[in-house]
Amino acid sequence: MAAMKKAVVASPPIAPRVRHLAGARSWPLWLALGGLTLAAFLLRAWTIGQSLPYVDHTDEPNPIYYVVNMLHTGDPNQQFFQKPSLYIYLLLAALQLHYAWGQATGLYGEIAAMVVTTHTVTTIPGFFLTARLVTASFGALTVLSAYALGVRGWGRAAGLAGALFVALLPFHLRFSQWATTDVLAAFLVSLSLGAAILVAQSGRWSAYVVAGAFAGLAASAKYNAGAVTGAIVVASVVGALAESGGVRRGGGVAPIRLWAGKYAPRLAAAGLAAIACFVAGTPYALLSWG
C-alpha cells in the first residue's frame, strides 16, 4: 500500500495526461492506433466462420437461442439468468438487422421455423457469424481501451505496449471469435480500471461515477466481472492516503477522517452508478424478481 501511495503521489498531474489522451497532439499516433485496431479486427474476423456450421464453444448457442426466442415471441425477457443480459441485447440489435436482411433476400423464412439445434452444430450459421462479428468488434475496441488504460497509468509507451499486446494476444484473439460474453466483459472492465486510475489520481466525482458505471456494465455482461468494483475501492483508499500525506505536512488530517468525509460519499455514488448500469443492462433481474 505504501508503494502504491508513493506511485500516486509521484505521478504527474492528471490533467495533462487527459489532454494528451483526448487531444490530437500527434496524428501519426492516432493513425497508428486506428490501423492497429483495424488490424486487430481483421485478425479476429479472418477465420471467424471457418468452423461453421459446427459450433466451437459449448456456450455459444445459449445467447443465440435467447435472441431467436425474443424475435419469435417479442418478449425481451430472456427468462433464464445463468448469464446477464447486456451481451444478449447487443446481439438482439445486430441479429434483428441480420434477420431483416435475410428475409429481404429470401435467405430466411418465418422466425418460428428457425432453430439453433444442438450445442455442436447449427442450422442458422449466419446468426452465429453475425454474433461472432459483434464479439470481434469489442475485441478490437479493447485495443483502444488498453491504450487509454496504459496512458492514464504509466504513459504513452505503456499504452502502446498494452494496445499491441491485446491486438496480438492469441488467447484474447481466440475468445474474440466466439459468441460469448467474455470479450465484452473484458472491454468494460478495462474501461472501469482506467477510470479507477483517475479516481486514485484526481478523486473527482466524475471519475468515481464513470468507474462505477463501467463496473456495473461489466457485471451486466458477465456477473463475475463485477469484481472490478474492488479496484475502485482500492483506488479510493490510495487516493485518500496520498492526499492525507500532503495535508499532514501542512498541518494534519487523518487518512480515515479524510476518506470518510470526502471520498466515502463519492464511493457510494460509484456504487449507485454500478447498480443503475447493471440494471440498465439486465433489467429483468428486477422486473421478473420472484
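Note that the numbering used here numbers the sequence shown so that position 59 is 1255, with each residue one more than the last.
We put the beta carbon where it would ideally sit given N, CA and C, even for glycine.
Helix, strand or coil for residue i per DSSP?
i	result
Y1261	helix
Y1304	coil
V1312	coil
V1317	strand
A1220	With a pLDDT of 44 at A1220, under the threshold of 50, the modelled position of this residue cannot be trusted; read the value that follows with caution. Coil.
Assuming residue i contacts residue j under a Cβ cut-off of 8 Å, what Cβ separation, rounded to an integer in Å, is found between them?
i	j	result
L1291	T1326	6 Å
A1357	L1229	No, A1357 and L1229 are not in contact; Cβ-Cβ is about 13 Å, not under 8 Å.
A1427	L1389	6 Å
A1436	L1454	5 Å
T1376	H1268	About 22 Å; that fails the 8 Å criterion.
Counting only the same chain and skipping the five closest in sequence on each side, list residues whose C-beta sits under 6 Å from that of residue i.
i	result
C1489	In the structure as shown, the chain starts at 1197 and stops at 1486, and residue 1489 therefore has no counterpart that could be examined.
D1378	F1371
G1346	A1354, G1355, G1358
A1220	Because A1220 carries a pLDDT of 44, less than 50, the predicted location of this residue cannot be relied on, and the following value inherits that uncertainty. There are no such residues.
G1399	G1435
Among the options, which residue has its Cα nearest to the Cα of residue i?
i	options	result
P1461	M1310, A1423, A1438, A1403	A1403
G1245	V1330, G1270, Y1261	V1330
A1407	P1259, N1420, L1384	L1384
I1307	N1265, A1289, P1280	N1265
L1239	L1288, H1368, S1440	H1368
V1312	P1479, E1256, G1441, G1305	E1256
A1183	T1318, P1321, A1300, W1242	In this structure the chain extends from 1197 to 1486, so residue 1183 is not present and cannot be described.
G1422	I1393, V1475, K1458	V1475
Starting from the C-beta of residue i, find all residues in its chain whose C-beta is less than 7 Å away, skip the five residues before and the five after it, and write them out in chain order.
i	result
L1387	S1341, F1410
T1425	A1411, A1470
V1339	L1232, T1233, A1236, A1359, V1362, A1363
I1284	P1259, Y1262, V1263, Q1274
T1316	Y1250, V1251
A1396	V1204, A1431, V1434, G1435
L1293	none
Residues in the same chain with beta-carbon distance under 8 Å from residue i, minus the five sequence neighbours each way, listed in chain order, please.
i	result
F1334	S1372, V1379, L1380, F1383
A1465	W1401, Y1404, V1405, G1408
G1298	Y1304, G1322
Y1419	K1279, P1280
Would you verify that the beta carbon of residue i is, or is not, closer than 8 Å to some beta carbon of chain D?
i	result
R1348	The structure shown contains no chain D; it holds only a single protein chain.
Scan the segment 1348 to 1434 and note each continuous alpha helix (DSSP H) run of 4 residues or more that stays entirely inside, going in chain order. 1352 to 1364, 1366 to 1371, 1378 to 1398, 1401 to 1417
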